[in-house]
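FYI, in my numbering the residues of the sequence shown are 232 to 477.
All C-beta atoms in this analysis are idealised placements derived from N, C-alpha and C, irrespective of residue type, glycine included.
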Amino acid sequence: MRFSGILGLFLACLVALLGAGCNMGEGDDSGVLVAPFELGNRKDCQSLGIAAVRAELDGGRVVEEVECEVGQVRFEPLAPGSYEIVLYGLDAEGIPVMDSLAAGPTEVDVVGAGTTVVVDPAFKLTAAPAHLQLRWDLGFGSCDSTAIDHFGITAWSFDGSELLLETEVLCSMTGDGPDQYRLVPDLERELSGDEVGEVDIQAYDASGVTVGDSVSFAFDAPGAGRSVKLSLSCDEGGCEGSGEPD
Numbered sequence: 232m233r234f235s236g237i238l239g240l241f242l243a244c245l246v247a248l249l250g251a252g253c254n255m256g257e258g259d260d261s262g263v264l265v266a267p268f269e270l271g272n273r274k275d276c277q278s279l280g281i282a283a284v285r286a287e288l289d290g291g292r293v294v295e296e297v298e299c300e301v302g303q304v305r306f307e308p309l310a311p312g313s314y315e316i317v318l319y320g321l322d323a324e325g326i327p328v329m330d331s332l333a334a335g336p337t338e339v340d341v342v343g344a345g346t347t348v349v350v351d352p353a354f355k356l357t358a359a360p361a362h363l364q365l366r367w368d369l370g371f372g373s374c375d376s377t378a379i380d381h382f383g384i385t386a387w388s389f390d391g392s393e394l395l396l397e398t399e400v401l402c403s404m405t406g407d408g409p410d411q412y413r414l415v416p417d418l419e420r421e422l423s424g425d426e427v428g429e430v431d432i433q434a435y436d437a438s439g440v441t442v443g444d445s446v447s448f449a450f451d452a453p454g455a456g457r458s459v460k461l462s463l464s465c466d467e468g469g470c471e472g473s474g475e476p477d
């Protein structure tokens, strides 16, 4: 019993010493990254409804979140190296309604050796686009049996006067999660959440010939960063929809 107690105490001390050594080494080698941010044209948090700002490094490998009024996000300690950073402005519901992605992720270098790197100029957060999500039910059929190769998608402003997005998705595109929605690509961030209100979807075969009639959906503009979810039921005669978001 006495030997076990001494051995346990020795091991505990050894773990503590190793832990302290690791922390000390991390502190000596690491650096600090500070990411200041502005909202739009230097607007205040309250006027734009931003409650917090979340910063993500390398696709969310490291995440920090601060109240919007703080005005900057601080990462420490960080190992020296290059990182990609994206900032998101969150509303009271935690929805990212603003982001720094207008020019894509920003690459920053952390020097290490206790050096603090402050990103300059400050990150400018702008309104995030809406997200269009689409799913289709082919019943007991498949893309091959229905002869549907892809879907052409056009998104319009709520009054139908302005074309916001024109793209397509393959019928074979894999859905996400149990609901099997597919995120419609919007690489140019054209789907303004304050404007979009109509979507038309047309099924095509591999030769580009239409399969059935187009399906139209109408809805109120969802707002920046919000999602619009649409569902289709399709067979060899084409597709149908409710005309409203899910």
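Same chain, Cβ closer than 7 Å to residue i, five either side skipped, listed in chain order
| i | result |
| --- | --- |
| Gly-312 | Val-341 |
| Ala-452 | Phe-389, Gly-424, Asp-425, Glu-426, Val-427, Gly-428 |
| Gln-411 | Arg-366 |
| Gln-303 | Val-265, Ala-266, Pro-267, Phe-268 |
Secondary structure of residue i, DSSP reduced to three states
| i | result |
| --- | --- |
| Val-293 | strand |
| Ala-333 | helix |
| Cys-374 | helix |
| Ser-278 | helix |
| Asp-260 | helix |
| Ile-326 | coil |
| Gln-364 | strand |
| Asp-390 | coil |
| Leu-349 | The question names Leu, but residue 349 is Val in the sequence shown. Strand. |
| Ile-384 | strand |
| Ala-266 | strand |
| Arg-285 | strand |
| Thr-405 | coil |
| Gly-343 | coil |
| Glu-307 | strand |
| Met-255 | Its pLDDT being 29, under 50, Met-255 is placed unreliably by the model, and the measurement read from it follows with that caveat. In the structure shown, Met-255 sits in a helix (DSSP, three-state: H, G or I). |
CB of residue i within 8 Å of CB of residue j, strictly
| i | j | result |
| --- | --- | --- |
| Ile-432 | Ser-445 | yes |
| Leu-395 | Glu-421 | yes |
| Ile-384 | Val-415 | yes |
| Glu-393 | His-381 | no |
| Thr-468 | Gly-439 | Position check: residue 468 holds Gly in this sequence, whereas Thr was assumed. Not in contact: Gly-468 and Gly-439 (Cβ atoms no closer than 8 Å). |
| Val-430 | Ala-359 | no |
| Val-263 | Leu-309 | yes |
| Cys-276 | Glu-300 | yes |
Boundaries (first-last residue) of the beta strand (DSSP E) holding residue i
| i | result |
| --- | --- |
| Cys-299 | Looking at the DSSP string, Cys-299 is not in any beta strand (DSSP E), and its letter there is neither H nor E. |
| Gln-433 | 427–435 |
| Tyr-319 | 312–321 |
| Leu-395 | 394–401 |
| Ala-359 | Note, Ala-359: premise wrong, no beta strand (DSSP E); not H, not E. |
| Pro-418 | As written in the sequence, residue 418 is Leu, which differs from the Pro given in the question. From DSSP, Leu-418 is part of no beta strand (DSSP E); its letter is neither H nor E. |
| Ala-449 | 446–449 |
| Ser-464 | 458–466 |
| Gly-469 | 469–471 |
Residues near residue i in its chain [Cβ-Cβ closer than 6 Å; skip 5 each side]
| i | result |
| --- | --- |
| Glu-419 | none |
| Leu-279 | Leu-270 |
| Ala-227 | Nothing in the structure corresponds to residue 227, since the chain is present only between 232 and 477. |
| Gly-472 | Val-446, Leu-463 |
| Ser-458 | His-362, Gln-364 |
| Ala-247 | Residue confidence is low: Ala-247 scores 33 on pLDDT, short of 50, so the model does not pin down where it sits. Its coordinate-derived value is still stated next. No residues qualify anywhere along the chain. |
| Val-294 | Glu-287 |
| Cys-253 | Because Cys-253 carries a pLDDT of 29, less than 50, the predicted location of this residue cannot be relied on, and the following value inherits that uncertainty. Contacts found: none. |
Close beta carbons around residue i, own chain, < 8 Å, minus the five adjacent residues each side
| i | result |
| --- | --- |
| Asp-436 | Ala-378, Ile-379, Asp-380, Val-442 |
I want to know whether the stretch 369–376 touches the stretch 271–291 - three or more CB-CB distances under 8 Å. Look at the beta carbons and you see the stretch 369–376 not touching the stretch 271–291: under three pairs across the two are nearer than 8 Å.
Three or more C-beta pairs closer than 8 Å, one from the stretch 298–316 and one from the stretch 334–351: is that the case here? Yes, the stretch 298–316 touches the stretch 334–351.
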